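Undergrad: First residue of the sequence shown: 40, per the working numbering; consecutive thereafter.
Idealized CB from N, CA, C, for every residue including glycine.
As the structure is a computational prediction, the values presented were derived from the model and not from experiment.
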Amino acid sequence: MQLISKDFRKSNPMRKLILISFLFAFVNCSETKHVEVHQGYALGTSYSIQYGLINTSFDNVQQGIDSLFTVINTSMSTYVPTSDISKINKGDSSVAVDSHFKTVFAKATAVWKATEGFFDPTVGAWVNAYGFGPEKPLNTLTNENKAYLRKITGWNTIELTELGFVKKQHAETYLDFNALAKGYTVDIIGDYLSRLGATNYLVEIGGEIVAHGVSPKTTEPWRIAIDDPNQQEERDLIQVLSLKDEAIATSGNYRKSRIDSVTGERYVHSINPLTGNTVKSNVLSASVRAPNCMTADAYATALMVLPFEKSKALIERLPQIEAYWVTSLNDSIQEHFSTGWKQ
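Structure below.
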């Protein structure tokens, strides 16, 4: 691991410590080569899609993009009351899920196993109870409440049958694919562009990115700029990564971090799905590079919950996956890189 330590109190706009709280294409506007750009709002966040010249009109491409957003919302959005996942969460066992749901379910199972349960899409009941999800939070979490929530939480209590029906040991178990669905949507939009003949494209949804080929404007790998989260108004671009035929995703609570009144340490709270307890952690952000964005998205989420040393060991074992962490220590923050992380 490479480790760099810096101080919170010093202000250097070119080398400030960073969280990848937002990623976007770094485009040379002086170039004249053709690039189509679609921008908008979907899945509760903004998106930007860029690609080179193809034999499909801008409007037709946009219609295809919009239809994919609709399909994903209909299948997996917990914020859409009539979605398949919402119906399943309400106890409807007659819902036969689509291929998108099945793909995300399979990835969730793989990451749950790899992280020994620290990644768990059934943690949604706890998320709602603490007031972070779409459901109304409990006023107080009593020991009785916690015992009940532990009973209905656990990915090993969920099964997806060959016919596409979700079987739950407890009807109240709450599924939430928000830690994978955004990354998965990035992937399927990229696949859609590939089918249309695009060989060079970048898809970004809420800071989760997949880049294929090169930038049509520069004929170089896509350049992804990283901003300084300490800047509340102005954005200082302090690092630039090259991205080609891979994805990157980040999870973090930097702007929601707190300062311990006794120790002065900066920390964030995450929910441990194994216990349901909130975990006081000095990991402020975790960013993951992977062959696809769903994988990057899932592991970036998991790294925010896993104990730091355990998360570093996990990434070193996983092929084709690299990670970058921002942690806090006393009055400084530190950057940590897995051995294969490249800029």
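Buried or exposed: where does K319 fall if 16 or more other Cβ atoms within 10 Å of its Cβ makes it buried?
TA: K319 is exposed by the Cβ-count criterion.
Undergrad: I want to see whether chain C comes within less than 8 Å of V134, judged by CB atoms only; does it?
TA: In summary, chain C is missing from the structure at hand, where a single protein chain is found.
Undergrad: Between N94 and the rest of its own chain, which residues show a CB-CB distance below 7 Å, the 5 nearest in sequence each way excluded?
TA: Around N94: G236.
Undergrad: If we call anything under 8 Å between Cβ atoms a contact, is L219 one with V143?
TA: Going by C-beta atoms, L219 is nearer than 8 Å to V143.
Undergrad: Under the assumption that A286 contacts N217 (Cβ atoms under 8 Å), give the Cβ distance between them as a whole number of angstroms.
TA: Wrong, their Cβ atoms sit about 17 Å apart, outside the cutoff.
Undergrad: In this structure, how does DSSP classify I227 when only helix, strand and coil are distinguished?
TA: It is helical.
Undergrad: How about S367 and L323: are their beta carbons less than 8 Å apart?
TA: Yes; because the gap between Cβ atoms is below 8 Å, this pair is in contact.
Undergrad: Checking the sheet assignment: what are the DSSP bridge partners for E243?
TA: DSSP output for E243 lists S87, I248 as bridge partner(s).
Undergrad: Should T378 go down as buried or exposed, given a rule of 16 or more other Cβ atoms within 10 Å for buried?
TA: It counts as exposed.
Undergrad: Using DSSP bridges, identify the partner residues of Y187.
TA: DSSP, once it has assigned bridges, lists no residue as partnering Y187.
Undergrad: Rounded to a whole number of angstroms, what is the C-alpha to C-alpha distance between H77 and D159?
TA: Cα-Cα distance, rounded: 33 Å.
Undergrad: With 16 other CB atoms within 10 Å as the buried threshold, where does P358 fall?
TA: Looking at its Cβ environment, which holds fewer than 16 other Cβ atoms inside 10 Å, P358 is exposed.
Undergrad: Tell me whether the segment 231-247 and the segment 86-105 touch, counting them as touching only if at least three CB pairs, one residue from each stretch, are closer than 8 Å.
TA: Contact holds: three or more Cβ-Cβ distances are below 8 Å.
Undergrad: In this structure, what does DSSP give as the bridge partners for W194?
TA: DSSP output for W194 lists no bridge partner at all.
Undergrad: How many angstroms separate the CA atom of D105 from the CA atom of G83?
TA: Those two C-alpha atoms are separated by around 14 Å.
Undergrad: Under the three-state reduction of DSSP, which class applies to Q101: helix, strand or coil?
TA: Note: Q101 maps to helix in three-state DSSP.
Undergrad: Among I248, Q208, G79, T258, whose alpha-carbon lies nearest the alpha-carbon of A264?
TA: Closest option to A264, Cα to Cα, is I248.
Undergrad: Where do the N-terminal and C-terminal ends of the alpha helix (DSSP H) with K256 fall, by residue?
TA: Premise fails: K256 is in no alpha helix (DSSP H) and is neither H nor E.
Undergrad: Measure the C-alpha to C-alpha separation of P255 and T121 and round it to an integer number of angstroms.
TA: Between P255 and T121, the C-alpha separation is close to 40 Å.
Undergrad: So, does the segment 194-203 touch the segment 146-158, judging by three or more C-beta pairs under 8 Å?
TA: Counting Cβ pairs under 8 Å, three or more are found: they touch.
Undergrad: Would you identify the three-state DSSP class for T238, choosing helix, strand or coil?
TA: Coil, per DSSP.
Undergrad: Check whether the segment 197-216 and the segment 107-124 are in contact - that is, three or more C-beta pairs closer than 8 Å.
TA: Result yes; three or more Cβ-Cβ pairs closer than 8 Å.
Undergrad: Within the same chain, show all residues whose beta-carbon is closer than 7 Å to that of G229, passing over the 5 residues directly before and after it, in chain order.
TA: Y240, V242, V249, H251.
Undergrad: Along the chain, where does the beta strand (DSSP E) containing G156 start, and where does it finish?
TA: Neither: G156 is in no beta strand (DSSP E) and is coded neither H nor E.
Undergrad: Measuring straight from C-alpha to C-alpha, what distance separates K202 and R262?
TA: The residue you asked about is not Lys; residue 202 is Leu in the sequence shown. Their backbone Cα atoms lie some 43 Å apart in a straight line.
Undergrad: In chain order, what residues of the same chain have a beta carbon less than 6 Å from the beta carbon of V327, not counting five sequence neighbours either side?
TA: Hits under 6 Å: A288, A335, Y338, A339, A362.
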